[in-house]
Amino acid sequence: MIRHHPDNNLLVEYASGSLPWAMSLAVSAHLQLCPQCRRENEHLNHIGGGLLEGCEPQETTGDALDRLMQRIDAEPTAGGATGPERAPESPKSRSRNTRDDRDPALARLPRVIRKLIGDNRPLKWRRVSPSLKTTRLTTGQDRYEVAFQRICRGGKVVEHDHRGREVTLVLYGSFSDADGVYTPGDFLLREPGEVHQPIATQDQECLCLSVVEAPVHVKGPLGWLVNPLLSFRPA
Amino acid sequence: MQQTQNRDDDWSKLLVLVGTRQDRSAFERLFHHYAPLIKGFHYSRSAQAFSSEAADELVQEVMFRVWRKAASFDPSRASANTWIYTIMRNCRIDMLRRNSRRQDADGCDVEVDDIWDESPESQPLLVLQHRRSQRDISEGLRSLPAEQSHVLEKAYMEGKSHSEISTELGLPLGTVKSRVRLALKKLEAILSKQGAS
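Quick look at the structure:
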């Protein structure tokens, strides 16, 4: 059961379109896993619809409709209102028989995450420590660092805190820290300065999506050694 | 009152006509109703999130997408206003992204509609909407204390994050957040009622 959700303020920013791209991606993946938040999101869209209906109309330019109809006529699918539009799968995501296809942790993921993987495959996992592998994901923005973090069974990640906001979305398996146990769909937002040390549960490895506003800061005497591009350091 | 209710139904019916038959006269009626609202949402005397020209451009793009996507409109799942709102929001995100970033700088194909995914299959199955509710929501919005509706308008119409609103209004972030939450709490009663009816 999903116990950790984005709060309503974050959902409002998502539904109104002001939440940054990478954060919205994590919220979107959560929504695809969480009927409760999907419902809330519907409500928030509905508020948008109400504001649209209630706003003060402004005249558009006189030729607006003509221009639009010309554009519609010029469409290759002229006169055709097409079905629901789906972006075609990128060629990369169609390539088959890679190791990613056989990876159980990647087998059942939200649509938006599958699309993201399609854009980034083959995934290149980098071993950060015996217990942690990571792969950075390009998402079409550079303000946030987006990555999969993969903790092996029972693996520990070094205690760390953050200079920026960090979202963690559990996608497979589970992990725990001092505050509780997190399972697939759980959405955790940590504010700058919060310290935590995630530990994967014993029976299964854990895959998370992480979205970090600024590079993570490692506590402890070796902090100065940290490559600013690394999200996590070995325990 | 009755009239308002029927009107929202009418817009939905027109959208269905556009989706199923590419009905141009239905589309023109939708355009005459929604184009000025879409423009007003972004450009008005009180708030100018966009210039008049940019708002006109947005109107073109939104209504173009309304035409193209009308076949995916399902009146049992969403009201016309809400459906058009989501198209408009995605369109605006697209436009702002295009202006701010080198296109496909990192070769990523994730698109606005992947992240703000309003395709029917992503909607909850049992959202029983929205016949009466759109009117209720509009009334609910009007009944909010000004300071609460103001932050909602800044968020939705001007596309501002909570922290941008807090800077602009000179209010602590916590105050902006709690105003939004209070507004939602009031509207929630209306929104839940509509879900259950």
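Protein chains in written order, with this note's numbering: chain U, 1329 to 1563; chain D, 259 to 455. We put the beta carbon where it would ideally sit given N, CA and C, even for glycine.
Since residue i meets chain D, which of its residues come closer than 7 Å, beta carbon to beta carbon?
i	result
Pro1385 of chain U	Pro294, Leu295, Gly298
Thr1467 of chain U	Cys366, Val368
Arg1395 of chain U	Gln318
Thr1388 of chain U	Ala293, Pro294, Lys297, Asp314, Val317
Ala1528 of chain U	The premise fails here: Ala1528 of chain U is roughly 27 Å from chain D at the closest Cβ pair, so nothing lies under 7 Å.
Residue i and residue j: beta carbons closer than 8 Å?
i	j	result
Val368 of chain D	Thr1467 of chain U	yes
Glu1381 of chain U	Pro294 of chain D	no
Glu1494 of chain U	Arg1464 of chain U	no
Ala1343 of chain U	Leu1537 of chain U	no
Leu410 of chain D	Ala328 of chain D	no
Ser302 of chain D	Cys1383 of chain U	yes
Gly1345 of chain U	Arg350 of chain D	yes
His1332 of chain U	Leu1516 of chain U	yes
Val1440 of chain U	Asp267 of chain D	no
Ala1392 of chain U	Val1474 of chain U	no
Thr1462 of chain U	Arg1454 of chain U	yes
Leu1535 of chain U	Tyr1510 of chain U	no
Ser337 of chain D	Ser270 of chain D	yes
Val1355 of chain U	Val438 of chain D	no
How big is the Cα-Cα spacing for residue i and residue j?
i	j	result
Gln261 of chain D	Asp1431 of chain U	The predicted model places Gln261 of chain D with a pLDDT of 47, which falls under 50 and marks its position as unreliable, so this point remains unresolved.
Leu427 of chain D	His420 of chain D	11 Å
Leu440 of chain D	Ser401 of chain D	13 Å
Gly1446 of chain U	Lys1452 of chain U	13 Å
Arg322 of chain D	Arg1399 of chain U	With the sequence shown as reference, residue 322 of chain D is identified as Phe, and Arg is not the correct amino acid for it. Distance between the alpha carbons of Phe322 of chain D and Arg1399 of chain U: 8 Å.
Asn348 of chain D	Thr340 of chain D	12 Å
Ser1352 of chain U	Val434 of chain D	20 Å
Asp1489 of chain U	Glu1522 of chain U	5 Å
Leu383 of chain D	Val1456 of chain U	For Leu383 of chain D, the predicted structure reports a pLDDT of 48, less than 50, and the residue's modelled location is therefore unreliable. The matter cannot be settled from this model.
Phe285 of chain D	Arg1367 of chain U	29 Å
Gln406 of chain D	Lys412 of chain D	10 Å
Arg355 of chain D	Ile342 of chain D	20 Å
Ser283 of chain D	Thr344 of chain D	23 Å
Cys1480 of chain U	Asp332 of chain D	44 Å
Leu1359 of chain U	Leu1347 of chain U	15 Å
Ser1502 of chain U	Leu1444 of chain U	21 Å
Arg335 of chain D	Glu1370 of chain U	10 Å
Gly298 of chain D	Met1329 of chain U	42 Å
Phe308 of chain D	Gln1477 of chain U	39 Å
Ser424 of chain D	Gly432 of chain D	9 Å
Glu315 of chain D	Leu1372 of chain U	25 Å
Met1397 of chain U	Ser330 of chain D	20 Å
Asp281 of chain D	Ser377 of chain D	22 Å
Arg1491 of chain U	Tyr1472 of chain U	12 Å
Ala1485 of chain U	Pro1520 of chain U	Note that residue 1485 of chain U is Val in the sequence shown, not Ala. Going from the Cα of Val1485 of chain U to the Cα of Pro1520 of chain U covers about 18 Å.
Lys418 of chain D	Glu1487 of chain U	34 Å
His1374 of chain U	Asn1337 of chain U	16 Å
Gly277 of chain D	Gln1525 of chain U	52 Å
Leu449 of chain D	Thr1426 of chain U	46 Å
Please list the partners that residue i has in chain U, where partner means a Cβ-to-Cβ separation under 8 Å.
i	result
Ala413 of chain D	Val1340, Glu1341, Ser1344, Ser1346
Val274 of chain D	Within chain U, no residue comes near Val274 of chain D; the closest Cβ sits about 11 Å away, beyond 8 Å.
Ser424 of chain D	In chain order: nothing, as chain U lies at least about 11 Å away.
Ser334 of chain D	Chain U residues near Ser334 of chain D: none, gap ~13 Å exceeds 8 Å.
Ser302 of chain D	Cys1383, Glu1384, Gln1386
Kindly list, in the order they appear in chain D, the residues whose Cβ is closer than 8 Å to that of residue i.
i	result
Ser1352 of chain U	Ile373, Trp374
Ile1400 of chain U	Phe322, Trp325
Ser1356 of chain U	Asp372, Ile373, Trp374, Asp375
Ala1475 of chain U	The contacting residues do not exist; Ala1475 of chain U stays about 14 Å from chain D at best.
I believe residue i touches residue j by the beta-carbon criterion, under 8 Å. Please report the beta-carbon distance rounded to the nearest angstrom.
i	j	result
Leu288 of chain D	Val324 of chain D	7 Å
Met465 of chain D	Leu1379 of chain U	Summary: the structure shown does not reach residue 465 of chain D, with chain D confined to residues 259 through 455, and so no result is reported for it.
Asp1514 of chain U	Val1540 of chain U	With a Cβ gap of about 17 Å, Asp1514 of chain U and Val1540 of chain U do not count as contacting.
Asp1505 of chain U	Ile1527 of chain U	7 Å
Val370 of chain D	Asp352 of chain D	5 Å
Ala1433 of chain U	Glu1533 of chain U	7 Å
Interface residues of chain D around residue i at Cβ under 9 Å?
i	result
Thr1426 of chain U	Under the 9 Å cutoff, chain D gives no residues; its nearest Cβ is about 17 Å from Thr1426 of chain U.
Ala1433 of chain U	Near Ala1433 of chain U there are no residues of chain D at all, since even the closest Cβ is about 20 Å away, more than 9 Å.
List, in chain order, every chain U residue whose beta-carbon is nearer than 7 Å to that of residue i.
i	result
Ser309 of chain D	What Ser309 of chain D touches in chain U: nothing, since even the nearest Cβ is about 12 Å away.
Lys418 of chain D	Ser1346
Ser337 of chain D	Gly1377
Since residue i meets chain U, which of its residues come closer than 9 Å, beta carbon to beta carbon?
i	result
Ser283 of chain D	Correct list: empty, because the minimum Cβ distance to chain U is about 12 Å.
Give the residues from the stretch 428 to 448 of chain D that approach chain U closer than 8 Å (Cβ to any Cβ), ordered along the chain. Cβ contacts with chain U: Lys435, Val438, Arg439, Leu442, Leu445, Glu446.
- Query: For the stretch 1367 to 1384 of chain U, which residues have a CB atom closer than 7 Å to at least one CB atom of chain D, in sequence order?
  - Reply: Of all residues in the stretch 1367 to 1384 of chain U, the ones placed with a Cβ closer than 7 Å to any Cβ belonging to chain D are Arg1367, Glu1370, His1371, Asn1373, His1374, Ile1375, Gly1376, Gly1377, Gly1378, Leu1379, Leu1380, Glu1381, Gly1382, Cys1383, Glu1384, in chain order.
Between the stretch 1435 to 1453 of chain U and chain D, which residues of the former have a C-beta closer than 9 Å to a C-beta of the latter?
Residues of the stretch 1435 to 1453 of chain U whose Cβ lies closer than 9 Å to any Cβ of chain D, in chain order: Arg1439, Val1440, Lys1443, Leu1444, Gly1446, Asp1447, Asn1448.
Interface positions of the stretch 343 to 355 of chain D facing chain U (Cβ-Cβ less than 8 Å), listed along the chain: Cβ contacts with chain U come from Tyr343, Thr344, Met346, Arg347, Asn348, Arg350, Ile351, Arg355.
Listed from N- to C-terminal order along the chain, which residues in the stretch 1493 to 1522 of chain U have their beta-carbon within a distance smaller than 9 Å of any beta-carbon of chain D? Residues of the stretch 1493 to 1522 of chain U with a C-beta less than 9 Å from any C-beta of chain D: none at all.
Closer than 8 Å, Cβ to any Cβ of chain U: which residues of the stretch 392 to 411 of chain D, in chain order? Answer set for the stretch 392 to 411 of chain D: Gln392, Ile395, Ser396, Gly398, Leu399, Arg400, Leu410, Glu411.
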